[in-house]
Amino acid sequence: MIDAARNDSATFSSEEHANESGERRPLQRFPRFQSHALVDVKTSSWNPFASFSAVLLDLSVQGFKIEFVSPVTIHAGERARLIIPLSPFRILSPERLKLRIVVKWFDARNQRAGGVFEGATAADAHVIEKILDRLLSQETARA
9 MIDAARNDSA TFSSEEHANE SGERRPLQRF PRFQSHALVD VKTSSWNPFA
59 SFSAVLLDLS VQGFKIEFVS PVTIHAGERA RLIIPLSPFR ILSPERLKLR
109 IVVKWFDARN QRAGGVFEGA TAADAHVIEK ILDRLLSQET ARA
């Protein structure tokens, strides 16, 4: 179901890139699905105080956008862990999804950040697909 939605709603950003032959064409951007789930962002594996709450604003198969609940300072290029509890998506197993992420941008004024997943396994990708499926079914139920 998600694959069909991805193919139907494939969008292109206004940015362009050149391929091997030098022709310019728009970059493909995977569809993003809105969410309002609370997540945790851990910027250190050894420091228990380096954990911040955020709202998962949107999600795609390759990345995310979050808004922090309290003021934080994070930099583009920083690596962290994104922990998504799965019970709000009615996914019972596993209990939570732990993903390594790379922050691509941070807006200090709005306390928002976006980034990509790094080294996601096939099992992680399957759970992300389940989350996207749940978000898609919630969107169609609202419409």
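Numbers 9 to 151, taken from my numbering, label the letters of the sequence shown in order.
C-beta atoms are modelled at their ideal positions from N, C-alpha and C, and glycine is treated no differently.
Query: Going straight from the alpha carbon of I99 to that of I109, what length do you get?; Result: 21 Å
Query: Assign V135 to one of two classes, buried (16 or more other C-beta atoms within 10 Å of its C-beta) or exposed (fewer than that).; Result: buried
Query: Is F57 helix, strand or coil when you go by DSSP?; Result: coil
Query: Name the DSSP bridge partner or partners of R89?; Result: K50 and R108
Query: Pick from P93, N118, R89 and K73: whose alpha carbon is nearest that of E103?; Result: P93
Query: Under 8 Å by Cβ, that's how I've got V111 and G71 pegged, so tell me the actual separation to the nearest angstrom.; Result: 10 Å between Cβ atoms; not a contact.
Query: What distance in whole Å lies between the Cβ atoms of W113 and A84, which are believed to be in contact at a cut-off of 8 Å?; Result: 6 Å
Query: Inspect the beta-carbon positions of A58 and F76 and report whether they are closer than 7 Å.; Result: no
Query: Just how far apart, CA to CA, sit L67 and A116?; Result: 20 Å
Query: Going by the DSSP bridge assignment, what does Q42 pair with across the sheet?; Result: D66
Query: May I have the straight-line CA-CA distance separating S52 from L144, to the nearest angstrom?; Result: 32 Å
Query: Can you grab the Cα-Cα spacing for the pair R87 / V69, in whole Å?; Result: 18 Å
Query: Judging by CA-CA distance, which residue of S78, R89, Q146 and V80 is the nearest neighbour of L107?; Result: R89
Query: For S95, which residues in the same chain have their Cβ closer than 8 Å to its Cβ, ignoring the five residues on either side in sequence?; Result: E103
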